[in-house]
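A short write-up of the structure that comes next.
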Amino acid sequence: MNLIPTVIEKTQYGERAYDIYSRLLRERIIFLGGPIIDPVANSII
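For the record, in the sequence shown the residue sitting at position 30 is 23 according to this note's numbering, with numbers rising by one throughout.
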């Protein structure tokens, strides 16, 4: 069983939990498992 870490974001409206991957994507941070080639670059943009 895989566990995905969560991040708690606190705002003036309260708290919200995000899974770490959604939070990183919201900040436009991505991790790639290989080199950036044309097909990969096109799907990222």
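A virtual CB, placed ideally from N, CA and C, is assigned to each residue, including glycine.
Every value quoted in this text rests on a predicted model; they were computed, and no experiment measured them.
Check: Nearest-angstrom Cα distance between ARG9 and ILE1?; Outcome: 6 Å
Check: Our contact map puts ILE13 next to THR(-1) with C-beta atoms below 8 Å; I'd like the distance itself, whole angstroms only.; Outcome: 7 Å
Check: Going by C-alpha distance, which of ILE(-3), VAL33, PRO32 is nearest ARG16?; Outcome: ILE(-3)
Check: Cα separation between LEU18 and SER36?; Outcome: 14 Å
Check: Can you give me the start and stop residues for the beta strand (DSSP E) that TYR11 sits inside?; Outcome: 7 to 12
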